[in-house]
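Structure, as structure tokens:
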Amino acid sequence: MFRRSIYKTPAQLRSMVEPGLITAAALDAVRPLIRAGVTTLELDAAANRTILARGAESNFQLVRGYHHTICVSVNEQVVHGIPGERVLRPGDIVSVDCGAQFQGWNGDSAITVVVPDPERAELVAQREELSRVTEGSMWAGIAAMASVESIDEIGAAIQEYIEAQGPSAVSGEPYGILREYVGHGIGRKMHEAPSVFNYRTPDRGADVRPGLVLAIEPMVTAGGEATYIEDDDWTVTTVDGTDGSHWEHSVARHDGGIWVLTAPDGGKAGLAPFGVEPREIGK
Numbered sequence: 001m002f003r004r005s006i007y008k009t010p011a012q013l014r015s016m017v018e019p020g021l022i023t024a025a026a027l028d029a030v031r032p033l034i035r036a037g038v039t040t041l042e043l044d045a046a047a048n049r050t051i052l053a054r055g056a057e058s059n060f061q062l063v064r065g066y067h068h069t070i071c072v073s074v075n076e077q078v079v080h081g082i083p084g085e086r087v088l089r090p091g092d093i094v095s096v097d098c099g100a101q102f103q104g105w106n107g108d109s110a111i112t113v114v115v116p117d118p119e120r121a122e123l124v125a126q127r128e129e130l131s132r133v134t135e136g137s138m139w140a141g142i143a144a145m146a147s148v149e150s151i152d153e154i155g156a157a158i159q160e161y162i163e164a165q166g167p168s169a170v171s172g173e174p175y176g177i178l179r180e181y182v183g184h185g186i187g188r189k190m191h192e193a194p195s196v197f198n199y200r201t202p203d204r205g206a207d208v209r210p211g212l213v214l215a216i217e218p219m220v221t222a223g224g225e226a227t228y229i230e231d232d233d234w235t236v237t238t239v240d241g242t243d244g245s246h247w248e249h250s251v252a253r254h255d256g257g258i259w260v261l262t263a264p265d266g267g268k269a270g271l272a273p274f275g276v277e278p279r280e281i282g283k
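Going by UniProt numbering, the sequence shown wraps up at 283, each residue one higher than the last.
Here it is as structure tokens:
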């Protein structure tokens, strides 16, 4: 049986730039709408309009049994939440996952936003810190991808960053890292080999070398790592009811370094604190 290599050619990497930018544009359209009084279905519609206007299609809608453009997860929901009539409220922590397919290539990215709530400043601060830790761990993993030799080193970098942030203000224990849900390769399909664990593993995993494209996506909780799937058969929610956060970027390793496909600046701002300079994919 024919097996496609997990490593892309330079031409294939260049083909992944536009779907990454379209994915980023969809999230940029959603971000300012994440406010009190807006339904999660309205967020979905905004993302879908943006993707279609760029001549692409939602790759989430290509997943069997899923009919929306984004996943939107609120508070104790960590990932895979389904858009609907839920109205966002002040203080909510909202994670939005989105992807686009353009000319047969895919992008995948996620952000977390906390809705302002002047009356619950402490809650907002705790949730913003959870989001900050999660986003920072994603960038730590991306930065590692620029120089490491194997995928397990990316997971180790993510976990080390999270552990270095100290205990969660909610639980007094280290932040939880979801174990059953991980990052992945991306290319002709949204989900490809190899898996990218967000924690240390004894298996070194695939080699990190030019041509590898990964969706790096830590999913972190303010409490325990245990989750369950809600009755809708999609939404992943914490067992202890603590909040979750999800950040993700699609990243290419090429001959000149790395380039974050789902960031308009290639990841320059996010990588700067780690001393890594992204390089555009050459011809």
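Ideal Cβ placement from N, Cα and C applies to all residues, glycine included.
Since we're looking at a predicted model, the values are computed, not measured.
Problem - Between the CA atoms of Ile151 and Arg4 - distance to the nearest angstrom - result: 19 Å
Handout entry: Proximity to Asp233 [Cα-Cα], best of His80, Leu261, Asn48, Val213
Key = His80
Handout entry: Check whether Ser171 and Thr69 have beta carbons under 9 Å apart
Key = Cβ atoms of Ser171 and Thr69: not closer than 9 Å.
Problem - Cβ-Cβ distance between Glu57 and Ala29 below 9 Å - result: no
Exercise for the section: Quick one: grab the DSSP three-state call for Gln126. Expected result: Correct three-state label for Gln126: helix.
Problem - Proximity to Tyr181 [Cα-Cα], best of Trp247, Leu123, Leu212 - result: Trp247
Handout entry: Continuous alpha helix (DSSP H) stretch holding Glu192: start and end
Key = From DSSP, Glu192 is part of no alpha helix (DSSP H) but of the beta strand (DSSP E) over 192 to 196.
Problem - With 16 other Cβ atoms within 10 Å as the buried cut-off, status of Arg89 - result: exposed
Problem - Contacts around Asn75, its chain only, beta-carbon distance under 7 Å, and the 5 residues preceding and following it disregarded - result: Contacts found: Asp92, Ile93, Asp243.
Handout entry: Closest by C-alpha distance to Val114, when choosing among Ile281, Asp265, Leu123
Key = It is Leu123.
Handout entry: Nearest-angstrom beta carbon gap, Ile216 and His254 [assumed within contact, 8 Å]
Key = With 8 Å as the limit, His254 and Ile216 do not qualify as a contact, their Cβ atoms being about 16 Å apart.
Handout entry: Assigned secondary structure, Ser147 (DSSP; H/G/I helix, E/B strand, else coil)
Key = In the structure shown, Ser147 adopts coil according to DSSP, grouped into three states.
Problem - Distance CB(residue 284)-CB(Val220) smaller than 9 Å - result: With the chain covering 1 to 283 only, the question about residue 284 has no answer from this structure.
Handout entry: Sub-9 Å separation of Met138 and Gly55 beta-carbons
Key = no
Practice task
Take Met1 and list the residues in its own chain whose beta-carbon comes closer than 7 Å to its own, dropping the five residues that flank it on each side.
Solution key: Note that Met1 scores 44 on pLDDT, short of 50, meaning its location in the model is unreliable; the coordinates nonetheless yield the value given after this. Cβ within range, chain order: n/a, list empty.
Practice task
State the start and end residues of the unbroken alpha helix (DSSP H) segment that holds Thr238.
Solution key: First-last for Thr238: 236 to 238, but that is the beta strand (DSSP E), not the alpha helix (DSSP H).
Practice task
Can you check DSSP and say which residues form a bridge with Gln101?
Solution key: Per DSSP, Glu57, Asn106.
Exercise for the section: Using 10 angstroms around the beta-carbon of Ile186, count the other beta-carbons present and answer buried if the total reaches 16, otherwise exposed. Expected result: buried
Exercise for the section: Would you list, in sequence order, the uninterrupted beta strand (DSSP E) runs of no fewer than 3 residues that lie entirely inside the region 207 to 245? Expected result: Correct list: 213 to 216, 219 to 221, 227 to 229, 236 to 238.
Practice task
Look up Gly176 in the DSSP assignment and give the residues it is bridged to.
Solution key: Thr221
Practice task
Output yes or no for whether 9 Å exceeds the beta carbon distance between Thr39 and Gly84.
Solution key: yes
Exercise for the section: Within 10 angstroms of the Cβ of Ala125, are there 16 or more other Cβ atoms? Answer buried if so, exposed if not. Expected result: exposed
Handout entry: DSSP-derived helix/strand/coil call for Ala252
Key = Ala252: strand per DSSP, three-state reduction.
Problem - DSSP beta-bridge partners of Ile258 - result: Arg253
Exercise for the section: Mark Ile229 as exposed unless 16 or more other C-beta atoms lie within 10 angstroms of its C-beta, in which case mark it buried. Expected result: Its Cβ having fewer than 16 others within 10 Å, Ile229 is exposed.
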